[in-house]
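Asks: Residue -10 is where the sequence shown starts when you use this note's numbering, and the numbers rise one by one after that. The following block contains the structure, expressed as structure tokens.
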Amino acid sequence: MKPFHLVSLPLTLLPLLLSSCAVGPDYQKPTIAVDNQYQTQTWQGELQLDESVSVVTPADWWKQFNDTLLNDLMAQALANNKDLVVAQANIQRAKAMRDVASSGNSPTLDANLGAGRTRYSSQSTFSNAGTRNSFNASLDASWELDLFGKTQRNVEASHAQLGGAVASAYAVQLSLVAEVANTYFEIRGLEQQISATKRSITLLQELESIIQIQAEAGVVTDTEVVRGKAARESLQAGLPALEADKTTRIYRISVLTGQAPEFYVSAFKTPAAISLAQLTLDPVPVGLRSDLLTRRPDVVMAERNLATATANIGITEAAKFPSFSLTGAIGSSARVFSDWFASNTITNSVAAALGWPLYSGVFSARIEAAQAEEKAALAIYEQSVLLALEDAEAALLRYGSAWQSLQSQKLAAASQQELRDLVQLRYELGEDNFEALLTAERANILAQSTVQTAQTQVLTALSQLYKALGGEWEMPSH
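Pasting the structure below:
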């Protein structure tokens, strides 16, 4: 038995068939209750977190630092990053597929034009042997009516997929901005560590020279000379690793901007105009926690996937209902060119057809599969909301923790500097030995290095916070 039956229908049935309905469920965006207040309130006043305003556009937040090189890196990354180029191409593809789906509501027109010349043999069985010309032209039209909403659901699905592509591209952009910022701050932090290490080596060399003179004078033993030399060489041994870490991060940031790894090596040979310690942070406009449902691209992408899955149910359900199509043609067929398009050469036709799959078990199975996909998409969407809330809360917590740690490290470093100065004074007065001075100097170097690391951690935590908060962006409206 053939699964489809095709029959010709009287045109008088056309008005009845033009009224259509879309089978399958109409999509309704799920309602998820989310508290407006973030749980992380401990450092809100100190960190200048503002829940009353919307988050700034992620393409701008780093400009608060007024760093020319950072601004240039961001501009190059947003223009040339290959992952972002792929994401933008996916948007263009989704737009084209949406237009393809929308065209299903429109008739199709085809034009045909031809001319031919045939010579028949005199021995032919045809009575009219000789040469015959033919001139043909036609305009054909066809239109499949969307009686049960298959085309409508296709349009809904393609529009949702376009929204998912836009959200996916924005997610790539958010991740890109955060990675460029993190890498840049790490490079600057390593520069400060390298510079501080070199200053410490110079200082230890000076102390080593002093203690060498004292050893030659018999004031101190050779043990203290060796101890000072070991401290200096220990610091020198760590320099190559710091330099390598810096260079590998420069390679990374070059690739993120769409360039060869070595492209920005020379740009970082010049020290930053402003150190990390001199950077001032603007208030972070965290907005309301419920805003994450529209600002986080991963949440929006999951919601758009749910909309696609819902529309796919209608598409699969419509496949088991009849399809109705109209076809028509008008043209001219003549043997003599001068008669082409004469009234007696005009041809025309019009027809209506109905195709109906009378029975096939595959339809029920496909509908069940589509319904299962919708159920899974709903769970994924709900999970994306939970993960977004977790990510934002954790990012706030890490930022606050890093900021508090920096304040504590600054106080500790100041105390350590004061202790080091005191021990040096006591050493110069002969009240402390060289070992005590060397121990104090090492502790001071470590304290200053810890502050520099904490400064970098605050800035990287800030960039991750902006990523976790999402941002202001627009979905396609039609």
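For glycine and all other residues, C-beta sits at the position ideal for the given N, C-alpha and C.
Counting Cβ pairs closer than 8 Å, one from the stretch 384 to 399 and one from the stretch 11 to 30, do we hit at least three?
Replies: Result yes; three or more Cβ-Cβ pairs closer than 8 Å.
Asks: Find the nearest neighbour of residue 92 within the set 61, 141, 57 and 404, judged by alpha-carbon distance.
Replies: When only C-alpha atoms are compared, the closest one is 141.
Asks: How do the stretch 400 to 411 and the stretch 123 to 135 stand: do at least 3 beta-carbon pairs fall below 8 Å, yes or no?
Replies: Counting Cβ pairs under 8 Å, fewer than three are found: no touch.
Asks: Using a Cβ-Cβ cut-off of 8 Å (strictly less than) and excluding sequence neighbours within five positions of residue 453, which residues of its own chain qualify?
Replies: Around residue 453: 167, 171, 384, 387 and 388.
Asks: Could you please give the first and the last residue of the uninterrupted beta strand (DSSP E) stretch that includes residue 374?
Replies: It is not in any beta strand (DSSP E) - residue 374 instead sits in the alpha helix (DSSP H) that spans 350 to 417.
Asks: For residue 275 and residue 458, what's the separation of their Cα atoms in angstroms?
Replies: Taking the straight line joining both Cα atoms gives about 7 Å.
Asks: Decide yes or no for the touch test of the stretch 263 to 272 against the stretch 427 to 447: beta carbon pairs closer than 8 Å, at least 3 of them.
Replies: Yes: at least three Cβ pairs fall under 8 Å.
Asks: Please work out which residues of its chain come closer than 6 Å, Cβ to Cβ, to residue 449, disregarding the five sequence neighbours upstream and downstream, and give them in chain order.
Replies: Result list for residue 449: 171 and 174, in chain order.
Asks: How far does the alpha helix (DSSP H) with residue 174 in it reach, from first residue to last?
Replies: It spans 139 to 205 - the alpha helix (DSSP H) in which residue 174 sits, taken as one unbroken run.
Asks: So what does DSSP say about residue 107, is it helix, strand or coil?
Replies: Three-state result, residue 107: strand.
Asks: Can you tell which of 343, 248 and 83 has the C-alpha that lies nearest to the C-alpha of residue 157?
Replies: The option with the nearest alpha carbon to residue 157 is 83.
Asks: Return helix, strand or coil for residue 214, following the three-state DSSP convention.
Replies: Helix.
Asks: Can you name the residues that DSSP bridges to residue 478?
Replies: In the structure as shown, the chain begins at -10 and stops at 467. Residue 478 is therefore absent and cannot be evaluated.
Asks: Should residue 342 and residue 314 be called a contact, given that it needs their Cβ atoms to be closer than 8 Å?
Replies: It is a contact, given that the beta carbons lie within the stated cut-off.
Asks: Since I believe residue 425 is in contact with residue 499 (beta carbons under 8 Å), could you give me their beta-carbon distance rounded to a whole number of angstroms?
Replies: Nothing can be reported for residue 499: it is not among the residues displayed for the chain, which extend from -10 to 467.
Asks: Pick helix, strand or coil for residue 68, following the three-state DSSP scheme.
Replies: Helix at residue 68.
Asks: If you count every other CB in all the chains shown that lies within 10 Å of the CB of residue 18, and 16 or more means buried, which is it?
Replies: Classification of residue 18: exposed, given that the 10 Å Cβ count is below 16.
Asks: Between residue 42 and residue 378, what straight-line distance do the alpha-carbon atoms span, to the nearest angstrom?
Replies: Note that residue 42 scores 47 on pLDDT, short of 50, meaning its location in the model is unreliable; the coordinates nonetheless yield the value given after this. Each residue's alpha carbon lies about 18 Å from the other.
Asks: Put residue 23 into one of helix, strand or coil per three-state DSSP.
Replies: Of the three classes helix, strand and coil, the one that applies to residue 23 here is coil, per DSSP.
Asks: May I ask you to list the residues that DSSP assigns as paired with residue 341?
Replies: Beta-bridge pairing links residue 341 to 315.
Asks: What whole-angstrom Cβ distance do residue 367 and residue 295 have, given they're in contact under 8 Å?
Replies: Correct: roughly 6 Å between the Cβ atoms.
Asks: Within this structure, are the beta carbons of residue 145 and residue 300 separated by less than 8 Å?
Replies: For residue 145 and residue 300, yes; Cβs fall inside 8 Å.
Asks: What's the C-alpha gap between residue 125 and residue 334?
Replies: Residue 125 and residue 334: Cα-Cα distance of roughly 9 Å.
Asks: Take residue 51 and list the residues in its own chain whose beta-carbon comes closer than 8 Å to its own, dropping the five residues that flank it on each side.
Replies: Counting only Cβ-Cβ distances below 8 Å, and skipping sequence neighbours, we find 59, 60, 63, 166, 170 and 452.
Asks: Pick out the complete alpha helix (DSSP H) segments inside the stretch 234 to 287, 4 residues or longer, and give them in chain order.
Replies: Here the runs fully enclosed are 281 to 284.
Asks: Does residue 47 pass the burial test, meaning 16 or more other C-beta atoms within 10 Å, or should it be called exposed?
Replies: Below a pLDDT of 50, predicted positions are generally treated as unreliable, and residue 47, at 49, falls in that range; the measurement from the model is reported next regardless. Flag for residue 47 reads buried.
Asks: Could you work out which residue in 214, 381 and 423 is closest to residue 280 when comparing CA atoms only?
Replies: Residue 381 is the option with its Cα nearest to residue 280.
Asks: Given a cut-off of 8 Å, decide if residue 179 and residue 70 are closer than it, judged by their beta-carbon atoms.
Replies: No, the pair does not count as a contact, with Cβ atoms beyond the cut-off.
Asks: Please name the residue, chosen from 184, 99, 96 and 151, that lies closest to residue 86 on a Cα-to-Cα basis.
Replies: Per the Cα distances, 151.
Asks: Using 10 angstroms around the beta-carbon of residue 161, count the other beta-carbons present and answer buried if the total reaches 16, otherwise exposed.
Replies: The residue is buried, with at least 16 neighbouring Cβ atoms inside 10 Å.
Asks: Determine the DSSP secondary structure at residue 324, reduced to helix, strand or coil.
Replies: Here residue 324 sits in coil by DSSP.
Asks: Suppose contacts are defined by Cβ-Cβ distances below 8 Å. Is residue 80 in contact with residue 149 by that definition?
Replies: Against a cut-off of 8 Å, the Cβ pair of residue 149 and residue 80 comes out as no contact.
Asks: So, under 8 Å CB-CB, residue 192 and residue 217 are touching, yes? Tell me the CB distance rounded to an integer number of Å.
Replies: So it is not a contact: roughly 11 Å between Cβ atoms.
Asks: With three or more C-beta pairs closer than 8 Å as the rule, is the stretch 224 to 236 touching the stretch 183 to 192?
Replies: Yes, the stretch 183 to 192 touches the stretch 224 to 236.
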